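Protein chains in written order, with the working numbering: chain A, -11 to 255; chain B, 2 to 319.
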């Protein structure tokens, strides 16, 4: 709560975009994964990022909550620089505790769910509110049950992750992220590890979130979801944004040859 | 599908084939039976064994006190060793190169020294300095330079007391064990999917909370089985305390009786029997601890095991 951030500690004005990236570069050793990403995600916007594997879309998502450090450029979430503090013309790295404080407001859902296997579904959901926010246990349990009910798993709350199907695990993971009351949700290919018949139940939950006005950045291969739910579609290839715009228009009438080539293979 | 279910409705006749014969097994069994018989015959006919003498001397009060000392030493050395190991493993995985380097040097050094030699050395540290004190570094020199009285030392210990007997043995065994446990704990921590720490970090949990709440509980499943082996190895290594020496310990006592009475073989056998008995008790304990921890983690295997057990229970009630 009392994070020492340079700008005002209160709510940012509504005209500041939720995510703003300027010339974001990222390399692993000699491999340049992101070669200058510029984009803005507005409040309540759902942005879907598509592209071939290795195009850098997951890496970009992980930069947004500082799981990866960017090498150049600037990245803001809700008006605050991610992972750094700007003093004069110099950037100072944030301490671990300050980075953790920034991440509290950003929910993330992983391709492989990453539920804590030694905890039940309810314990998974309640862990961070109790340990990070200091929420009282009974209050966290009440809220955790609500959230599990919202993702349709009220009856499975005492099950361990390995007693749940992939789709159920991913829904618990979404509830776990929501328990921290994030202002932004990041989805890293949330349905790629699921059996085809289980994809729908996860997309339904995400659709509900979007309808409730959650700001979402979704890396996905689900073109149907992108078309139906997304406000913006971004096509990335080889570390750059090739094309972006209204999902229906981009999917129906891609302007760029690389977008056309990619869509012709996946649609 | 429907056609298949109808054909399956009549179960096929059970196969009753002639089993393959295994003459090799019968020959092996016969050879081993003869060897066992020869061995038992030797135990009974050779008078050097002195079975009555052995049994009379195996349960004397000094020996039983030795058993108690050995067990206490095993438990204390393991507890301290595990704590040292956890600290070292976390240091070893630290991004700080000084800390990880120091942990590496510790493990390298203490794994390189034979326990017997280390115990001998610790047992003679009293000769290095007769007294040891805890306090500010160079405290006496500092106070002297400032012209003040006092030496800024808080705790004074007699080197010949702490580096002798039980304490010296405990220090030596725990320091050595810490090095081995550090590697076991590190392997356990590294066996946890890095996605777990990422998920925890993404929720805003600190490094410390992630380690305590998420990583270490999952690492336990990997850490427990080799730690059980370490406990049994530690029990046996308490016999090395004769290098300190620790006179109240089991092997020292049995060895002393053997040397005093010139009945070396009976007491050597008594020693073997005592260690086999104590190790067996620990192995039984290890079995239950391992079962408990793998159940707590709810792995797929245990789930399958549970299902299998239920199926058996259902079958048993018929």
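Glycine is no exception: its CB is placed at the ideal position from the N, C-alpha and C atoms.
Only a predicted model underlies this, so the values are computations on that prediction, with no experimental measurement involved.
When DSSP builds the beta bridges, which residues end up paired with residue i?
i, result
"residue 154 of chain B", "B:136"
"residue 36 of chain A", "A:206 and A:221"
"residue 15 of chain A", "A:20"
"residue 72 of chain A", "A:81"
"residue 25 of chain A", "A:12"
"residue 62 of chain A", "A:10"
"residue 159 of chain B", "B:132"
Where does the unbroken beta strand (DSSP E) through residue i begin, and where does it stop?
i, result
"residue 80 of chain A", "78 to 81"
"residue 174 of chain A", "172 to 176"
"residue 95 of chain A", "94 to 97"
"residue 233 of chain A", "228 to 233"
Give a yes or no on whether 9 Å exceeds the smallest Cβ distance from residue i to chain B.
i, result
"residue 7 of chain A", "no"
"residue 134 of chain A", "no"
"residue 157 of chain A", "no"
"residue -7 of chain A", "Confidence at residue -7 of chain A is low in this model, with a pLDDT of 42, below 50, so the placement of that residue is unreliable and no value is reported for it."
"residue 243 of chain A", "no"
"residue 53 of chain A", "yes"
"residue 127 of chain A", "no"
"residue 59 of chain A", "no"
"residue 92 of chain A", "yes"
"residue 168 of chain A", "yes"
"residue 81 of chain A", "no"
"residue 96 of chain A", "yes"
"residue 120 of chain A", "yes"
"residue 163 of chain A", "no"
"residue 115 of chain A", "yes"
"residue 255 of chain A", "no"
Use the C-beta contact count for residue i: other C-beta atoms within 10 angstroms, 16 or more gives buried, fewer gives exposed.
i, result
"residue 108 of chain A", "buried"
"residue 128 of chain A", "buried"
"residue 23 of chain B", "exposed"
"residue 250 of chain A", "buried"
"residue 265 of chain B", "exposed"
"residue 79 of chain A", "exposed"
"residue 320 of chain B", "Given that chain B is displayed from residue 2 to residue 319, the structure contains no residue 320 of chain B and the question cannot be resolved."
"residue 56 of chain B", "exposed"
"residue 213 of chain B", "exposed"
"residue 263 of chain B", "exposed"
"residue 42 of chain A", "exposed"
Counting along the chain, where does the alpha helix (DSSP H) carrying residue i start and finish?
i, result
"residue 133 of chain A", "125 to 138"
"residue 193 of chain A", "184 to 199"
"residue 180 of chain A", "Unbroken run through residue 180 of chain A: none, as it is neither H nor E."
"residue 253 of chain B", "251 to 262"
"residue 61 of chain B", "No alpha helix (DSSP H) holds residue 61 of chain B; DSSP gives it neither H nor E."
"residue 114 of chain B", "Looking at the DSSP string, residue 114 of chain B is not in any alpha helix (DSSP H), and its letter there is neither H nor E."
"residue 235 of chain B", "217 to 238"
"residue 180 of chain B", "166 to 192"
"residue 56 of chain A", "That residue, residue 56 of chain A, is in no alpha helix (DSSP H); it is neither H nor E in DSSP."
If we define contact as Cβ-Cβ less than 9 Å, is residue i a contact residue for chain A?
i, result
"residue 85 of chain B", "no"
"residue 199 of chain B", "yes"
"residue 124 of chain B", "no"
"residue 82 of chain B", "no"
"residue 270 of chain B", "no"
"residue 203 of chain B", "yes"
"residue 212 of chain B", "no"
"residue 238 of chain B", "no"
"residue 152 of chain B", "no"
Kindly list, in the order they appear in chain E, the residues whose Cβ is closer than 9 Å to that of residue i.
i, result
"residue 73 of chain A", "Here chain E cannot be found, since the structure's protein chains are A and B."
The segment 38 to 56 of chain B in contact with the segment 241 to 255 of chain B per 3-pair CB rule at 8 Å: Flag = no, the segment 38 to 56 of chain B and the segment 241 to 255 of chain B do not touch.
Do three or more CB pairs link the segment 107 to 118 of chain B to the segment 205 to 213 of chain B at distances below 8 Å? In the pairwise beta carbon analysis, the segment 107 to 118 of chain B is classified as not touching the segment 205 to 213 of chain B: fewer than three pairs are separated by under 8 Å.
Stretch pair the segment 98 to 117 of chain A + the segment 192 to 200 of chain B: three plus CB contacts closer than 8 Å: Yes, the segment 98 to 117 of chain A is in contact with the segment 192 to 200 of chain B.
The segment 90 to 109 of chain B in contact with the segment 127 to 139 of chain B per 3-pair CB rule at 8 Å: The segment 90 to 109 of chain B is not in contact with the segment 127 to 139 of chain B.
Taking 8 Å as the cut-off, does the segment 259 to 275 of chain B touch the segment 216 to 235 of chain B (at least 3 CB pairs, one atom from each stretch)? Under the three-pair Cβ rule at 8 Å, the segment 216 to 235 of chain B does not count as touching the segment 259 to 275 of chain B.
Counting Cβ pairs, one atom from each stretch, are 3 or more of them under 8 Å apart for the segment 181 to 192 of chain A and the segment 222 to 239 of chain A? Contact between the segment 181 to 192 of chain A and the segment 222 to 239 of chain A is absent, because fewer than three Cβ pairs lie under 8 Å.
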